[in-house]
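Have a look at the structure below before the remarks.
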Amino acid sequence: MNRAGIFVFYDAQGLVDEYVEFLLSSTDSVLQKLIIIINGKIGKSGYNKLKKYSDSIFKRNNYGYDAGAYKDVFMHFMNKENWKNWDEILLFNDTFYGPIFPWEGVFREMEKEEVDFWGLSRHPGGGRILASGQEMPPHIQGYFLVCKKSVFLSSHWQKFWEELEYPRTYREAVENFEIYFSSYFIKRGYRCSALTDKIPINIEYGKNPFMCYFRELVQKFKFPVLKRKVICLPYLDEVKKVMEYINDHTGYNTSFIYSHIERLCNENIMNPISPFEPVQISRFYHTHRRVYIFGYGICGKGLARYFEYMGWKYEGFIVSKNEKHGENVHTYADIKFDRKDGIILAVSEKTFYEVYSMLKKDMADNQLFYPQYKEQ
Numbered sequence: 002m003n004r005a006g007i008f009v010f011y012d013a014q015g016l017v018d019e020y021v022e023f024l025l026s027s028t029d030s031v032l033q034k035l036i037i038i039i040n041g042k043i044g045k046s047g048y049n050k051l052k053k054y055s056d057s058i059f060k061r062n063n064y065g066y067d068a069g070a071y072k073d074v075f076m077h078f079m080n081k082e083n084w085k086n087w088d089e090i091l092l093f094n095d096t097f098y099g100p101i102f103p104w105e106g107v108f109r110e111m112e113k114e115e116v117d118f119w120g121l122s123r124h125p126g127g128g129r130i131l132a133s134g135q136e137m138p139p140h141i142q143g144y145f146l147v148c149k150k151s152v153f154l155s156s157h158w159q160k161f162w163e164e165l166e167y168p169r170t171y172r173e174a175v176e177n178f179e180i181y182f183s184s185y186f187i188k189r190g191y192r193c194s195a196l197t198d199k200i201p202i203n204i205e206y207g208k209n210p211f212m213c214y215f216r217e218l219v220q221k222f223k224f225p226v227l228k229r230k231v232i233c234l235p236y237l238d239e240v241k242k243v244m245e246y247i248n249d250h251t252g253y254n255t256s257f258i259y260s261h262i263e264r265l266c267n268e269n270i271m272n273p274i275s276p277f278e279p280v281q282i283s284r285f286y287h288t289h290r291r292v293y294i295f296g297y298g299i300c301g302k303g304l305a306r307y308f309e310y311m312g313w314k315y316e317g318f319i320v321s322k323n324e325k326h327g328e329n330v331h332t333y334a335d336i337k338f339d340r341k342d343g344i345i346l347a348v349s350e351k352t353f354y355e356v357y358s359m360l361k362k363d364m365a366d367n368q369l370f371y372p373q374y375k376e377q
């Protein structure tokens, strides 16, 4: 099996982190050639790191996101004749950490499938409305996409890239490349599959598998990657658990992930507790004698994990109704607050205004800390 890979790299500072180096080095076992496309700037040190893994590196302006990079490869950087020697082409990027488990098992499993292209995960469709007004259809997700020569040597392949306009926004990139790619080729009789199709997991309609089921995928089914997007407030509780699992049960070095997150946070490129601002929440914490977290859902539990990481104490969770919950969960009406206490509202935007309206009757505004989506 002759397989080539096209890797799209982007970093706002032009830096190449260890997780990227590990990812590229891991492809030696499944790729016979690696092509690297640099979207945007790259430092000398970063470029030298990438050179260790490929002698075919192309640099371009970050125009059109990944889709624009792939279009340039197939339309401008390399002639169609170059592809005739390859049985498969892997399109992938740096938006995930891994492989947590070796690639060989993934490719061995997917080679059994009689398909023309495949990916790691399939979105079941639903969950959002596209710019066209239609509901999002099922599709293979584009961060890791393997295409066989039955596809990439076809006239349909050439026409797809010719007609693809360079996306101007992230939404256009998702809709016009990732989502449309599957629809375009399926409509023309090509077959596709995903690793998640072969896993006995019930992915609900409208749910993004790599966001909503990442812990189950990794721990139960040895899914090989963890998307960077899951490092956010609603999932911090699950992220902590899956990171502990990865550290204890796999050979993947979790310091690759932690060091990358730390750098992005220090450079204000990433905020894992959005819609809260780290500096402001720190100031609020240190100016109140007791701090409570209002909300015991995924946002509240995620914020609690952040407190643990920072070495901060919180008095407990607050809920509005007296229902059965876990330990250290209190009903709002049962607590006696004084002016030195503070409450952080860790609730969804949908319920925020109802909760905020209730609390501001009893609490001063400087006793409440709320997400950025509060109306000013």
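Numbered per my numbering, the sequence shown finishes at 377, counting up by one with no gaps.
Glycine is no exception: its CB is placed at the ideal position from the N, C-alpha and C atoms.
Values in this document were obtained by computation on a predicted structure and should not be read as measured data.
| Check | Outcome |
| --- | --- |
| Given this structure, state the Cα-to-Cα distance separating residue 132 from residue 173, to the nearest angstrom. | 9 Å |
| For the beta strand (DSSP E) containing residue 89, list its first residue and its last residue. | 89-94 |
| At 4 residues or longer, what runs of the alpha helix (DSSP H) sit wholly inside the segment 68-134? | 104-111 |
| Exposed or buried, what is residue 310 when buried is set at 16 or more other beta-carbons lying within 10 Å of its beta-carbon? | exposed |
| Give me whichever residues DSSP pairs with residue 5 in a beta bridge. | 34 and 90 |
| Can you tell me whether DSSP reads residue 289 as helix, strand or coil? | coil |
| With which residues is residue 60 paired in a DSSP beta bridge? | 39 |
| For the candidate residues 321, 317 and 283, whose alpha-carbon lies nearest to that of residue 329? | 317 |
| Between residue 163 and residue 104, what straight-line distance do the alpha-carbon atoms span, to the nearest angstrom? | 32 Å |
| Which partner residues of residue 345 appear in the DSSP bridge assignment? | 294 and 370 |
| Taking the continuous beta strand (DSSP E) assigned at residue 319, which residues delimit it? | 317-320 |
| What beta strand (DSSP E) runs, 3 residues minimum, are completely inside the segment 241-292? | none |
| Residues in its own chain within less than 7 Å of residue 233 by CB, not counting five upstream and five downstream? | 273 and 275 |
| Using a C-beta cutoff of 8 Å, does residue 91 count as contacting chain C? | Among the protein chains of the structure shown there is no chain C, as only one such chain exists. |
| Which word fits residue 82, buried or exposed, when buried means at least 16 other C-beta atoms lie within 10 angstroms of its C-beta? | exposed |
| If I follow the unbroken beta strand (DSSP E) through residue 330, where does it start and stop? | 330-332 |
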